[in-house]
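The next block holds one structure in the form of structure tokens; read it before the comments.
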Amino acid sequence: AEGVTVAKAAPAIDFAYYPGQTYAGNPWSTWGESTFANGKYYASLGDHKAPAGTAFVYEYDPAAKAFRQLIDLQKLLALPEGHYAPGKIHTTLTLGKDGAIYFGTHRGSTRVTTDQYHYKGDWIVRVDAKTGKAEVVAHAPVPKHCIPTGILDPERLIFYGGTAPGEGKDEGDSVHFFAYDVQKKKVLCDVPDGPPRAMIFAKSTGRVYYVQASGKSLMRYDPAKPDAPEKIPGEIGIRAASEETKDGTVYTVSTGQKGVPELFAFDTKTEKVTPLGPAAVGVVGYITALKIDPTGRYLYYVPGSHGGSEKDGSPVVQYDTKTKTRKVIAFLNPYYKDTHGVAPAGTYSYALSPDGADLYVTWNAKRPDAKAWDTVALSVVHIPAAERRTE
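Under our numbering, the very last position in the sequence shown is 399; numbers go up by exactly one each time.
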């Protein structure tokens, strides 16, 4: 698109398939945001099967270039035959101050979240990042609802979720916002018309912001006032949100599924919204994760989350928050298609290393005979120093 540039220095990239994909998924896919912590990268993937699916959490050690499986949900839940078991992890993986990674589970199909398959609701789960010990924190914090949206406040240990009803359309009052204290194992708040897919979390205050599924209002939830969220002024698109920068800014992006995705800056001190312009770099728009570097200067994302990123060359995009310009750091297609027989087709899952030098991307990837995508792969993009100068 006009105004988009391409990096001059090509990055080195590590590429690998995730283990555990030893049978046909429906399809194998990644849906939840990943995280980097304690020198390791943590990501989720699932087989998308229903009613009895499973999902995994993996640790990737960049020093050893090795994977370690932390969770197989089906084994952890150990449900009787014929019972619903989640085939997806759709929330953010978040490391709490207690050393555990928290997430929520999600359905593989709307047709199986029913009484026929003994569906009561989905789960909040945690796994110790060091020992791999996993346990259920809560089952059905919102009864008969799945958890496609979720993030943990790592200091206060409150899990915030946006739900989807087991059956029916995921819109309006049918989507709930909830807050759950994972230490006390207690629901703090549960209200209708919650966030359908993403929220802003302000680490400095513990506040959470979201746009109602009905599109009516921008809402603020303050853990100091736990009864219910309150409406605040402003209009903003929140299909994805970055972490908060040191100066108190969170970057968000609108959905872009029926138009051009727009970037926004949200000031967590003043709660002011600033539109920044378009995020797309080509014909594909849908963006479901944003990662900001430690300086607050560079924002990274990959358009075409739900397939189709290859139409733009599967670009990894760097947005300069100072100059408000877009630059493509790397095109992964058609290179991997031609050399490895696999085309990165979209992603919901990436994380930056603490120094901002390496971007870990977990891809929904397409091999030659696949209709959409059929496998999950990892690329580690080593961003050249020349392409992330801060002067």
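All residues carry an ideal CB built from backbone N, CA and C; glycine is no exception.
Nonlocal neighbours in the same chain, by C-beta distance under 7 Å from residue i, ignoring five residues either side
i    : result
L103 : T43, A45, I109, A137, P162
V150 : G129, T171, H184, F186, D198
F167 : Y110, I132, G158, L160, Y188, V190
Candidates the options, of which the one nearest residue i by Cα
i    : options                : result
A20  : A385, L340, Y294       : L340
Y358 : E175, L53, G11, N34    : L53
I79  : L165, Y168, T113, A58  : T113
G312 : H153, G293, I300, A210 : G293
Y259 : Y327, H56, A288        : Y327
K299 : P286, A18, T282, S250  : S250
D123 : Y92, G47, P156, K96    : Y92
P156 : P27, R115, T62, T263   : R115
A72  : G28, L81, H98, D22     : D22
Y50  : Y127, Y68, A248, G315  : Y68
P203 : P173, T118, D55        : P173
L284 : H98, K330, G169        : K330
P362 : Y343, H390, G47        : G47
Whole-angstrom C-beta distance between residue j and residue i, which should lie under 8 Å
i    : j    : result
G256 : D230 : Not a contact, Cβ separation roughly 16 Å.
G245 : V261 : 6 Å
V65  : V144 : Going by Cβ atoms, the distance from V65 to V144 rounds to 14 Å, so no, they are not a contact pair.
D201 : A221 : 6 Å
Y127 : K152 : 7 Å
Y31  : F75  : No, Y31 and F75 are not in contact; Cβ-Cβ is about 18 Å, not under 8 Å.
A15  : K335 : 6 Å
Classification of residue i by the beta-carbon crowding that lies within 10 angstroms, buried from 16 upward
i    : result
I240 : exposed
T139 : exposed
Y217 : buried
P88  : exposed
S37  : buried
T100 : buried
E252 : buried
Q77  : exposed
S212 : exposed
A394 : exposed
K192 : exposed
R119 : exposed
R397 : exposed
D106 : exposed
P94  : buried
Other residues of its chain near residue i: CB distance less than 8 Å, five sequence neighbours each side excluded
i    : result
V310 : I295, A297, S317, S322, P323, V324, V325, G354, T355, Y358, V369
R164 : G214, P231
Y125 : P59, G90, H91, Y92
Neighbourhood of residue i by C-beta, 6 Å cutoff - its chain only, sequence neighbours within 5 removed
i    : result
Q265 : Y294
L386 : A24, T370
### Query
Within the chosen definition, does the region 369–388 reach the region 343–351 through at least 3 CB pairs nearer than 8 Å?
yes
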